[in-house]
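Q: Following this message is one structure expressed as structure tokens.
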Amino acid sequence: MTFAPAAPTRRQGLSAHLSSAKTPHGLRMKRQENFRKENIIIRAAAFFTSQAYFSGMLFQSVQSNTA
1 MTFAPAAPTR
11 RQGLSAHLSS
21 AKTPHGLRMK
31 RQENFRKENI
41 IIRAAAFFTS
51 QAYFSGMLFQ
61 SVQSNTA
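Going letter by letter, the sequence shown gives residues 1 to 67 in UniProt numbering.
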């Protein structure tokens with residue numbers, strides 16, 4: 001029964017950590033906004049590169065079929 005008070009203290013520490021992480025709200029929102037923008041840019045770049053790759057593959061297959 002000596003380990004019984006360990007759980008509430010750990011929970012208190014976790015809640016304190018979460019609340020301290022929530023306090024700079026504007027900063028965190030700005031970081032999420034920047035991350036979202038970067039994520040969209042990365043997704044768009046991946047989409048366009050994959051589109052170019054697949055269109056190139058189709059073009060090559062069409063060329064080899066007609067030749």
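Backbone N, C-alpha and C define an ideal beta-carbon position, used for all residues, glycine too.
On a predicted model such as this, the values are computed, not experimentally measured, just so you know.
1) Given ALA45, which residues of its chain have a CB within under 8 Å of its CB, disregarding the five upstream and five downstream residues?
2) Short of 6 Å in beta carbon distance, which residues of its chain neighbour TYR53, apart from the five on each side in sequence? Order them along the chain.
3) Have a look at SER55 and ARG36 and give me their C-alpha separation to the nearest angstrom.
4) How big is the Cα-Cα spacing for ASN65 and MET57?
A: On the basis of the coordinates in this document:
1) Once the five neighbours on either side are set aside, ALA45 has no close Cβ partner at all.
2) In the same chain as TYR53, and ignoring 5 residues on each side of it, no C-beta atom comes closer than 6 Å to its own.
3) The straight-line gap from Cα to Cα measures roughly 28 Å.
4) For ASN65 and MET57, the distance between alpha carbons rounds to 12 Å.
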